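Q: In full-length UniProt numbering, the protein residues as written are 1 to 362. There's a structure below that I have some questions on.
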Amino acid sequence: MTMSHRVQLLHHRVPTPPRPHTRPRPHHPHTPTSAPVLRPFDSTPVHYATHPFLSQHELRFTRCLRSETTMSSERGVGNRVGEQVGDYVIAKKIGQGMFSTAVYQAHAVDKEDEVVAIKEIDIFSNSKEERESILHEVELLKSFNHPNIVRYFDSFIDSNTNNLYIVMEYAQCGDLRRIIEKARARNTPLAERTIWKVYFQICNGLRYMHERKIMHRDLKPANIFVSSGGKAKLGDMGLGRELSSTTGHVFTMVGTPFYMAPERIAEEGYNMAADIWSLGCILYEMAALRNPFFREGIDLISLMSIITAADYAPLPEDTYSEALRSLVDSMLVTNPDDRPTAKHVFRTARSQVESLLSASSS
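Spelled out as structure tokens, the structure:
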């Protein structure tokens with residue numbers, strides 16, 4: 001039986017092995033005068049289930065935050081540095097995430113210069129729904145062929161660890177979130193020409209997905225990867241969703257709260273326009289070096305309120321062009337029907353890059 005065939009059998013494997021034992025999480029009582037404080041990159045799980053002032057709708061919204069902050073250290077992936085999995089040797093650990101996941105830099109056994117990224121997933125400790133999401137990501141990656149989407153190479157289950165490994169293109173510069181964080185730490189804004197050169201590639205990848213009627217549903221800087229040559233690529237397709245000709249909207253609440261469109265927070269049906277909202281958040285963050293809806297000490301209810309009102313500080317006129325500022329404003333509107341398409345945003349960004357190239361050559 002081939003490794004790829006064994007991955008296909010995951011759809012049918014029953015029963016599911018029991019989850020490994022984990023330490024009970026401490027209970028954090030909430031005071032009756034405040035809602036939980038949210039932090040966009042906090043890795044500590046937040047406990048809301050007994051909060052007396054959260055409605056069922058607000059509790060569903062917090063589940064997105066909890067899944068965002070549940071890291072792989074709680075379950076069965078380990079540190080594989082120096083080990084061989086399949087035809088690859090693990091060089092170093094470069095990340096971790098949802099669904100019992102670790103991400104490594106690796107190289108082919110006989111070719112050290114053939115560098116790849118490998119995602120390790122303790123797939124059998126996940127729920128049925130999580131396994132389906134993981135396998136959906138594999139199928140999406142296999143179907144994509146675009147320079148601005150992370151390339152898929154292989155997937156297999158290692159007989160020693162019984163974990164699933166997804167082999168993908170490696171991005172030497174890491175993700176966009178780290179680039180933004182470094183610029184913020186240096187208190188040095190990204191040059192507008194740099195923003196446009198990266199952003200139009202992000203838009204190009206999303207345009208390709210939308211033309212195939214596939215939503216990303218979790219667009220954010222941490223899911224955009226940059227190579228040493230400055231090529232930007234969309235990744236982490238686990239929440240991607242295809243719309244059929246008869247399905248115009250979906251209703252599930254998944255994604256990252258700080259980049260979530262108002263209609264998704266309101267649990268209304270949403271479509272491709274929800275990705276455009278996230279795209280607006282990303283452009284704003286590349287310019288301002290922070291999410292448009294982040295506030296120090298912000299709580300859940302306040303976050304929901306400012307997103308649904310599209311309440312954000314405009315970008316300064318003396319720092320960024322009218323083209324950049326107006327594009328942000330066109331995407332961060334509460335009515336999804338008023339937002340531009342991915343194709344329109346891509347064309348706008350590409351025209352700015354072409355103008356920059358023309359100006360530099362003259």
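Think of the CB as a built atom: it goes at the ideal place given N, C-alpha and C, for glycine as much as any other residue. Only a predicted model underlies this, so the values are computations on that prediction, with no experimental measurement involved.
Taking the Cβ atom as the reference point for each residue, do Val109 and Gln84 lie within a distance shorter than 8 Å?
A: The count along the sequence shown starts at 1 and reaches residue 109 at position 109. The count along the sequence shown starts at 1 and reaches residue 84 at position 84. Taking 8 Å as the Cβ cut-off, Val109 and Gln84 qualify as a contacting pair.
Q: Which residues mark the beginning and the end of the alpha helix (DSSP H) in which Glu181 is found?
A: What you label residue 181 is simply residue 181 of the sequence shown in a count that begins at 1. Taken as a continuous stretch (DSSP letters only), the alpha helix (DSSP H) holding Glu181 covers 176-186.
Q: Per DSSP, what are the beta-bridge partners of Ser155 in this structure?
A: Counting from 1 along the sequence shown, the entry for residue 155 is found at position 155. DSSP output for Ser155 lists Ile166 as bridge partner(s).
Q: Which residues in the same chain as Glu192 place their Cβ atom closer than 7 Å to its Cβ, once the five residues preceding and following it in sequence are excluded?
A: Your numbering for residue 192 matches position 192 in the sequence shown. Here the set comprises Tyr320, Ser321, Leu324.
Q: Are the CB atoms of residue 364 and Ala349 nearer to each other than 8 Å?
A: Residue 364 lies beyond the stretch modelled for the chain, which goes from 1 to 362, so this question has no answer here.
Q: Have a look at Asp158, Pro314, Val226 and flag the residue whose alpha-carbon is nearest the alpha-carbon of Glu285.
A: The sequence position of residue 285 within the sequence shown is 285, counting from 1. Looking at the Cα atoms, Pro314 is the closest of the given residues.
Q: Please determine if the stretch 169-179 and the stretch 209-223 are in contact, where contact requires at least 3 C-beta pairs separated by less than 8 Å.
A: Output reads yes: the stretch 209-223 touches the stretch 169-179.
Q: Which first and last residues belong to the beta strand (DSSP E) in which Ile118 is found?
A: Start at 1 with the first residue of the sequence shown, and residue 118 comes out as number 118. Run containing Ile118: 111-121, per the beta strand (DSSP E) assignment.
Q: Smallest Cα separation from Gly280: which of Gly269, Tyr270, Glu130, Pro292?
A: Your numbering for residue 280 matches position 280 in the sequence shown. Selected option, being the one with the closest Cα: Pro292.
Q: If contact is defined by three or more beta carbon pairs under 8 Å, each pair taking one atom from either stretch, is the stretch 118-133 in contact with the stretch 143-150?
A: The stretch 143-150 is not in contact with the stretch 118-133.
Q: Starting from His107, follow its DSSP beta bridges and name the residues at the other end.
A: As a working note, residue 107 is residue 107 in the sequence shown. DSSP output for His107 lists Val89, Val115 as bridge partner(s).
Q: Could you tell me the distance, in whole angstroms, from the CA atom of residue 401 to the CA atom of Ile301?
A: Residue numbering for the chain in the displayed model covers 1 to 362; residue 401 lies beyond these limits and cannot be assessed.
Q: Below 8 Å on the Cβ atoms is my guess for Ile195 versus Ala287; work out the distance and round it to an integer in Å.
A: Translated into the one-based positions of the sequence shown, residue 195 becomes position 195. Translated into the one-based positions of the sequence shown, residue 287 becomes position 287. With a Cβ gap of about 6 Å, Ile195 and Ala287 count as contacting.
Q: Hey, does Val138 have any beta-carbon neighbour from chain D nearer than 8 Å?
A: The chain labelled as chain D is not found in the depicted structure, where only one protein chain is given.
Q: Between the alpha carbons of Glu317 and Leu283, how many angstroms are there, rounded?
A: Stepping through the sequence shown from its first residue, residue 317 is reached at position 317. Stepping through the sequence shown from its first residue, residue 283 is reached at position 283. In a straight line, the C-alpha of Glu317 is about 15 Å away from that of Leu283.
Q: Which value, in whole angstroms, describes the spacing of the CA atoms of Leu206 and Asp299?
A: Taking the first residue of the sequence shown as 1, we reach residue 206 at position 206. Taking the first residue of the sequence shown as 1, we reach residue 299 at position 299. One C-alpha to the other measures close to 31 Å.
Q: When the Cα of Glu120 is compared with those of Lys111, Arg339, Leu135, which residue comes out closest?
A: By 1-based counting over the sequence shown, the position of residue 120 is 120. Checked all of Lys111, Arg339, Leu135; the closest Cα to Glu120 is Leu135.
Q: Going by CA-CA distance only, name the one from Asn187, Asp311, Pro340 that's closest to His210.
A: Start at 1 with the first residue of the sequence shown, and residue 210 comes out as number 210. It is Pro340.
Q: Under the DSSP definition of a beta bridge, which residues are partnered with Leu234?
A: Against the sequence shown, residue 234 aligns to sequence position 234. DSSP lists Ile149, Ile224 as partners of Leu234.
Q: Please tell me whether Ile202 and Leu164 are closer than 8 Å, where the distance is taken between their beta carbons.
A: Here residue 202 is taken as the residue at index 202 of the sequence shown, counted from 1. Here residue 164 is taken as the residue at index 164 of the sequence shown, counted from 1. Cβ atoms of Ile202 and Leu164: not closer than 8 Å.
Q: Could you have a look at Gln352 and say whether DSSP puts it in helix, strand or coil?
A: Numbered from its first residue, the sequence shown carries residue 352 at position 352. If DSSP states are grouped into helix, strand and coil, Gln352 belongs with the helices.
Q: For His51, does the count of other Cβ atoms within 10 angstroms reach 16, so buried, or fall short, so exposed?
A: Residue mapping note: residue 51 aligns to position 51 of the sequence shown, counting from 1. Summary for His51: the model assigns pLDDT 44, below 50, so the residue's position carries little reliability, and this model does not support an answer.
Q: Can you give the Cα-Cα distance for His344 and Val115, rounded to whole angstroms?
A: In the sequence shown, counting from the first residue as 1, residue 344 sits at position 344. In the sequence shown, counting from the first residue as 1, residue 115 sits at position 115. Whole-angstrom Cα-Cα distance: 35 Å.
Q: Are Ala310 and Val333 close, meaning C-beta to C-beta below 8 Å?
A: Reading the sequence shown from its first residue, position 310 is the one you call residue 310. Reading the sequence shown from its first residue, position 333 is the one you call residue 333. Yes. Within cutoff.
Q: Tell me, please, which residues DSSP counts as bridged to Gln84.
A: Your numbering for residue 84 matches position 84 in the sequence shown. Bridge partners of Gln84: Val89.
Q: Taking 8 Å as the threshold (C-beta atoms), are Met237 and Glu137 in contact?
A: Along the sequence shown, read from residue 1 onward, the residue named residue 137 stands at position 137. Along the sequence shown, read from residue 1 onward, the residue named residue 237 stands at position 237. Their beta carbons are under 8 Å apart, which means Glu137 touches Met237 by this criterion.
Q: Between Val353 and Lys197, is the Cβ-Cβ spacing less than 8 Å?
A: The residue you call residue 353 lines up with position 353 of the sequence shown. The residue you call residue 197 lines up with position 197 of the sequence shown. A contact, by the Cβ cut-off of 8 Å.
Q: Along the chain, where does the alpha helix (DSSP H) containing Ser326 start, and where does it finish?
A: Within the sequence shown, the letter at position 326 stands for residue 326. Here the alpha helix (DSSP H) through Ser326 covers 322-331.
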